[in-house]
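In our numbering, the protein residues as written are 143 to 234.
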Amino acid sequence: MNIQITGNAPALEAQAYVDYLEKKHNRKLKSLDVQIDGDFADLNYEFEHVPFERIRRITGYLVGTMEQWNNAKSAEEHDRVKHEVNIGMEKL
């Protein structure tokens with residue numbers, strides 16, 4: 143993590159800001175820039191990337207991928223009727 147302090151502040155204060163932000167948002171910080179101006183502190187921060195996996199409901203199961211399905215469940219998914227979604231209004 144990259145911590146940068148501008149102004150007169152001890153490193154212990156910057157660590158307190160790190161602990162506060164990570165606890166408040168329940169995420170890890172990637173970078174933090176603390177700018178001290180008298181009694182005020184401006185915090186500019188960026189969080190680490192959170193990996194996202196798409197989950198879909200297929201044949202009654204919530205799944206990310208179908209890699210671990212057996213042949214019967216894969217065939218069931220292959221044979222199911224897939225409905226199209228029409229967007230917009232039809233011509234009258």
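Here a beta-carbon is modelled for each residue, glycine too, at the ideal position from N, C-alpha and C.
Query	Result
For residue 210, name the three-state secondary structure that DSSP assigns.	coil
May I ask you to list the residues that DSSP assigns as paired with residue 182?	179
Do the CB positions of residue 146 and residue 181 come within less than 8 Å of each other?	no
Residues in its own chain within less than 7 Å of residue 172 by CB, not counting five upstream and five downstream?	143, 188, 189 and 190
Are the Cβ atoms of residue 200 and residue 219 separated by less than 8 Å?	yes
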